[in-house]
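A quick write-up on the structure given underneath.
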Amino acid sequence: MARLNDDAQWIILMGFLISFSFFFLAIIINQSTVVGQTTAESVIEFPKNDIRDLRGIIEQSANMPYPDNATVNKDITVLSMNRKNAIVKYSVFPPNLPSNPHTTASIHYNNGVTTFYENWTSL
Amino acid sequence: MAAVGTMRVNDNGVSEAIGFMLIFGMIIVGIGLVTLYGYPLLLQQQVGADEKIMEKNMIVLQNDVKSLAYKTIPFKETSLKIGGGALTVYNSSISPSTLTIRNGTGFDYVNSFTSGELRYESVSSQTDISLQDGAVVLRRHAEPGSTMLAEPRWFYDDQTNTMVINLINMTSTNLIAKEGIGTVQMRLVGEPEYSSYQEPASTFLYLDYTPGTVQDYSVAWNNYFTKTLNMNPPTIAGSTRTYQLPTDTSRPVTLVIKKFNVEIKSI
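Listed in order, the protein sequences are those of chains A and B. Convert by adding 1 to the 1-based position in the first sequence; the result is the number in my numbering. Take the second sequence: its position 3, counted from the start at 1, is -6 in my numbering, and no numbers get skipped.
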């Protein structure tokens, strides 16, 4: 009998391995577009700057006298809803001397995707 | 050749012609099998891929609409490939489903709102994917159900007892449809209509949803209303489904309705 020459079997084996790995790679690449899409979306959706702006304004207007503070409060609520599509409700509490010398505020923010709640205390 | 001499080869029965025919036959059978089973499978995969790509595209378009509506971006355009079917803009005047938002005493906040839609109709897989009212919904022609791929942004805020309903009105100057590679351009027309209603306690707010007779996405919307927004199952009269909005009726309620007009400039 002529000896079977099986020196090149590894080539066929490699061929199989490579084609299978391509198959799995294709599946992974296919999935990655979906993942990237949703990740990018959630990054865009997160209203970090909106919340920062809101906090900034509330801190700035915290020590305003009445009725200016009430007007600002009303304006912020309406503008947030109208422009940013977010429900904002906050109330500022003046220092309660002598037990609490800080101005405090409770801030509530909800834009349907992110809900934010904070009890702010002046420094 | 003494070394080979021990092995005798008898090749009297070997025919080159028969060997060729055997190998050729195997190749032909192989090609036949691939054509018979492999090719339809491949086509099916292609149709499936087209549909998946369009699902993704519709969600991208929904994000565009979101950017226009909630991020005050005036103009958006997206290039996409529409495979296996056509993408068509249906004006709000041709839109099949209607929404009415009213209170218990018969006052209509919104009367028979029609959203218009951007609809992908797949010829090969018999599926419709529609971007309507800020949601992406899918429906197969052969089956009665439908499903929501991406939800609109309606929400209820528990703390302030506020219900926010965003209505998106798709308009276009004429009926536009596209196959193949296209660029969807959309812009926000005018100021969004913003209305906020403060109602006293024990005000019941209702939503009437009437699906289209052919384009019936009621299952998708029903799931959204009952599962995501936690509304009670609807009362059904004819084809109209009436839901009670999930507000707390023991407290004063605020209802915010925003209507955005999005114009599809071209596809």
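C-beta: ideal position from N, C-alpha, C; glycine also.
For Leu166/B, there is no enclosing alpha helix (DSSP H), as DSSP marks it with neither H nor E. Per DSSP, reduced to three states, the secondary structure at Ala133/B is coil, with no helix or strand assignment. Non-local C-beta neighbours of Gly181/B in its own chain, meaning closer than 8 Å and more than five positions away in sequence, comprise Asn252, ordered along the chain.
For Arg144/B, a Cβ of chain A is located within less than 7 Å of the residue's own Cβ.
Nearest CB-CB separation between Tyr100/B and chain A: not below the 7 Å threshold.
Between Ile59/A and Phe117/A, the C-beta spacing is not below 7 Å. Between the stretch 144 to 153 of chain B and the stretch 200 to 214 of chain B there are fewer than three C-beta pairs closer than 8 Å, too few to call the two in contact. Here Trp121/A carries a strand assignment [DSSP, helix/strand/coil]. The stretch 42 to 51 of chain B and the stretch 81 to 92 of chain B do not touch, with fewer than three beta-carbon pairs separated by less than 8 Å.
Residue range 105 to 111 is occupied by the beta strand (DSSP E) that includes Ala106/A.
Residue range 69 to 85 is occupied by the alpha helix (DSSP H) that includes Asn74/A. Going by beta carbons, Lys90/A and His109/A fall inside the 7 Å limit. Close to Asp148/B, with beta-carbon spacing below 7 Å, are these residues of chain A in chain order: Ile88, Asn111.
Beyond the five residues adjoining it in sequence on each side, Glu119/A comes within less than 6 Å, by CB distance, of Ile108 in the same chain, given in chain order. Of the residues Lys256/B, Val205/B, Val175/B, Ala141/B, the one whose Cα lies closest to the Cα of Trp212/B is Ala141/B. For the stretch 62 to 82 of chain B, the set of residues with a beta-carbon nearer than 7 Å to any beta-carbon of chain A comprises Thr63, in chain order.
Interface criterion not met: the Cβ of Asn6/A is under 7 Å from no Cβ in chain B. With fewer than 16 other Cβ atoms inside 10 Å of its own Cβ, Gly95/B counts as exposed. Chain A has a Cβ within less than 7 Å of the Cβ of Thr151/B. Going by C-alpha positions, Pro183/B is about 41 Å away from Ile29/A. Going by DSSP, Leu236/B is part of no alpha helix (DSSP H) at all; its letter is neither H nor E.
Along the stretch -1 to 87 of chain B, the beta strand (DSSP E) occurs as fully enclosed runs of 3 or more residues at 66 to 81, listed in sequence order. In this structure the stretch 184 to 192 of chain B does not lie against the stretch 103 to 118 of chain B, because fewer than three pairs of beta carbons, one per stretch, are closer than 8 Å. Among the bridge pairs identified by DSSP, Arg93/B is matched with Asp99/B, Tyr197/B. Residue-level contact by beta carbon holds for Asn83/A and chain B, with a gap shorter than 7 Å. In this structure, the CA atom of Asn6/A is about 58 Å from the CA atom of Ile120/B. For Glu46/A, the secondary structure class from DSSP, reduced to helix, strand or coil, is helix.
The beta carbon of Ala168/B lies closer than 6 Å to those of Ala77, Thr79 in the same chain, with the five residues before and after it left out. Nearest to Ser230/B by alpha-carbon distance, out of Arg110/B, Pro237/B, Thr240/B, Gln206/B, is Gln206/B.
At a cut-off of 7 Å, the C-beta of Tyr185/B has a neighbouring C-beta in chain A. Note on Gly29/B: under 16 other CB atoms within 10 angstroms of its CB, so exposed under the neighbour-count rule. Asp54/A is not bridged by DSSP to any residue. Only those residues of the stretch 239 to 257 of chain B whose C-beta falls short of 8 Å from the nearest C-beta of chain A are listed: Val247, Lys249. Judged by DSSP secondary structure, Asn252/B falls within the beta strand (DSSP E) whose first and last residues are 244 to 257. Annotation for Ser113/B: the continuous beta strand (DSSP E) segment containing it runs 108 to 113.
Residue pairing of Tyr188/B in beta bridges, as defined by DSSP: Leu246/B.
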